[in-house]
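Numbering (my numbering), first residue to last: 14 to 195. Virtual Cβ for every residue (Gly too), placed ideally from N, Cα, C.
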Amino acid sequence: MFMVAAGSFAAVAAAFAFATIPAGAATTVTAGASPSPSKSGGCDAAPWVSVVQGFPTGFSAQSPGGDYLWHDAKGFHLRVTHKGTEKVVFAGVITSPVPMGMEPVKLEKGDVATLSKDKKTITYKFNDFGFVDGIDFHTACAPWLRVSGLTANGKKLPTGRVFLGAHRKHPSAIPFVIHRNP
Numbered sequence: 014m015f016m017v018a019a020g021s022f023a024a025v026a027a028a029f030a031f032a033t034i035p036a037g038a039a040t041t042v043t044a045g046a047s048p049s050p051s052k053s054g055g056c057d058a059a060p061w062v063s064v065v066q067g068f069p070t071g072f073s074a075q076s077p078g079g080d081y082l083w084h085d086a087k088g089f090h091l092r093v094t095h096k097g098t099e100k101v102v103f104a105g106v107i108t109s110p111v112p113m114g115m116e117p118v119k120l121e122k123g124d125v126a127t128l129s130k131d132k133k134t135i136t137y138k139f140n141d142f143g144f145v146d147g148i149d150f151h152t153a154c155a156p157w158l159r160v161s162g163l164t165a166n167g168k169k170l171p172t173g174r175v176f177l178g179a180h181r182k183h184p185s186a187i188p189f190v191i192h193r194n195p
């Protein structure tokens, strides 16, 4: 198990039901062979749905509280923040059918991000005080990612507090799955 930060963290249980990403994004995956890495080390698969593309407009410390998730040329980025300086504990799970890599971003003592032994599951628990905590991660050419178990202070995070991509769209439900374009 790969630990990004010191501390203990109980894995968040997640149901296998999921919602698709809103805003008319193509979210279906055709059954068949998974995308394969190209000879250049990249991925021959289609790009991720547009709803997750780009840095969230206006995002910074003290932005509206919640989880911010986006994709760009460097991979995926997850950040949490909230207004005020009181402690808010954000937690969640990201799963992939193929291995992922992960790097910490602005984590402090007590923040935990764990990559499972098979590298297909990231669990996180960030103690946020109104600044920015998060991780950057990338997949080995995954066709989809599942985001589940999102909480703030132990309570389910409402969809309106999950911000996707440059336009800060919200998923229709939690858990949700992000797909590559067909």
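So, for residue i: in the same chain, excluding its five sequence neighbours on each side, which residues have a beta-carbon less than 6 angstroms away from its beta-carbon?
i: glycine 114; result: His151
i: lysine 169; result: none
i: histidine 84; result: Trp61, Val65, Gln66
Keeping to the same chain, check which residues put their C-beta closer than 7 angstroms to that of residue i; ignore five residues upstream and five downstream.
i: proline 60; result: Arg193, Asn194
i: threonine 101; result: Checking the sequence shown, residue 101 turns out to be valine, not threonine. So the qualifying residues of the chain are Gly78, His95, Asp141, Ala165, Asn166.
i: glycine 143; result: Ala74, Gln75, Thr94, His95, Lys96, Gly97, Thr98
To which residues does DSSP link residue i through a beta bridge?
i: threonine 94; result: Gly79
i: alanine 11; result: Not covered by the structure: residue 11. The range shown for the chain is 14 to 195.
i: phenylalanine 103; result: Phe139, Ala165
Round the Cβ separation of residue i and residue j to the nearest angstrom and send it over; I've been treating them as touching at under 8 angstroms.
i: glycine 162; j: alanine 104; result: 7 angstroms
i: phenylalanine 176; j: tyrosine 81; result: 5 angstroms
i: lysine 119; j: valine 145; result: 5 angstroms
Going along the chain, which residues of its own chain have a beta-carbon closer than 8 angstroms to the beta-carbon of residue i, five neighbours each way excluded?
i: aspartate 131; result: Pro112
For residue i, count the other beta carbons within 10 Å of its own beta carbon; 16 or more makes it buried, fewer makes it exposed. Which is it?
i: glycine 147; result: buried
i: glycine 178; result: buried
As an exercise, report each continuous beta strand (DSSP E) stretch of at least 3 residues that is fully enclosed by the region 123-191, in chain order. Runs of the beta strand (DSSP E) lying entirely within the region 123-191, each at least 3 residues long, are 125-128, 134-141, 146-152, 157-165, 175-177 in chain order.
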